[in-house]
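The numbering of the sequence shown is my numbering, which starts it at 5 and goes up by one. These notes are about the structure you will find just below.
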Amino acid sequence: MLILDRDLGSGQLERAFSEVDQALCALERRLAAGEVLPLAATVDEASALTTRLLVAYIAAEGSKAAPDGGTDILDVFKVLVKGEPSWTAIRDNCRELVYYRNCIGMGRADALPHAPAMMAVRTARHVYLYVKARCIRERRVEE
């Protein structure tokens, strides 16, 4: 688990991007090799990786109190979007991960899309790319 140290000069945002990218790449390699990933564990990991990235951004931005890494993804998103409505571009991605978790929890895998583990990984990658592009534009990280 990523531990946020609130020292904006420490490179914590860059470390978060690196760690999340490495974890997503590992999942993507397994999928590309044809491995069937365990659904619940993959959805949980995709959600945790997305949450880690959002928390790291909030901490690096510095104007809001960063929730801890164990906070629900939608609660983290609420902190992120407050006062900055442009973040709503990834709202549905966060909700999608929660939807997958809820379907699994209710035993309703039949309500999930085709290849839900793969979709969870792709959704997390989409959020990663959105946040990374935004951070590059804001000059918080380098390309």
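The beta-carbon is built from N, C-alpha and C at its ideal position, and this holds for glycine as well.
Expected contact under 8 Å - CB spacing of residue i and residue j to nearest Å
| i | j | result |
| --- | --- | --- |
| residue 125 | residue 37 | That pair is no contact at about 13 Å. |
| residue 1 | residue 43 | Outside the modelled stretch of the chain, which goes from 5 to 147, sits residue 1, for which no answer is possible. |
| residue 59 | residue 78 | Between residue 78 and residue 59 the Cβ distance is about 13 Å, and since that is not below 8 Å, they are no contact. |
| residue 56 | residue 20 | 6 Å |
| residue 16 | residue 63 | 7 Å |
For residue i, three-class secondary structure by DSSP
| i | result |
| --- | --- |
| residue 41 | coil |
| residue 6 | Because the pLDDT at residue 6 is just 37, under 50, the model does not fix this residue reliably, and the value given afterwards should be weighed accordingly. Note: residue 6 maps to coil in three-state DSSP. |
| residue 82 | helix |
| residue 28 | helix |
| residue 144 | coil |
| residue 116 | coil |
| residue 110 | coil |
| residue 23 | helix |
| residue 88 | coil |
Cutoff 8 Å: residue i Cβ touching any chain B Cβ
| i | result |
| --- | --- |
| residue 84 | Of the chains in the structure shown, none is chain B; there is only one protein chain. |
Any non-hydrogen atom of the ligand MG closer than 7 Å to residue i Cβ
| i | result |
| --- | --- |
| residue 88 | By its list of ligands, the structure shown contains no ligand whatsoever, and the ligand MG lies outside what it can speak to. |
I'd like to know if the region 128-144 and the region 17-31 are in contact, where contact means that at least 3 CB-CB pairs between them fall below 8 Å. Three or more beta-carbon pairs separated by less than 8 Å link the region 128-144 to the region 17-31, which places the two stretches in contact.
Using 8 Å as the Cβ pair cut-off and three pairs as the minimum, do the region 113-124 and the region 66-77 touch? With a cut-off of 8 Å on Cβ pairs, the region 113-124 is not in contact with the region 66-77, counting fewer than three such pairs.
Minimum length 4: unbroken alpha helix (DSSP H) runs contained in the region 42-77: List check, alpha helix (DSSP H) in window: 43-65.
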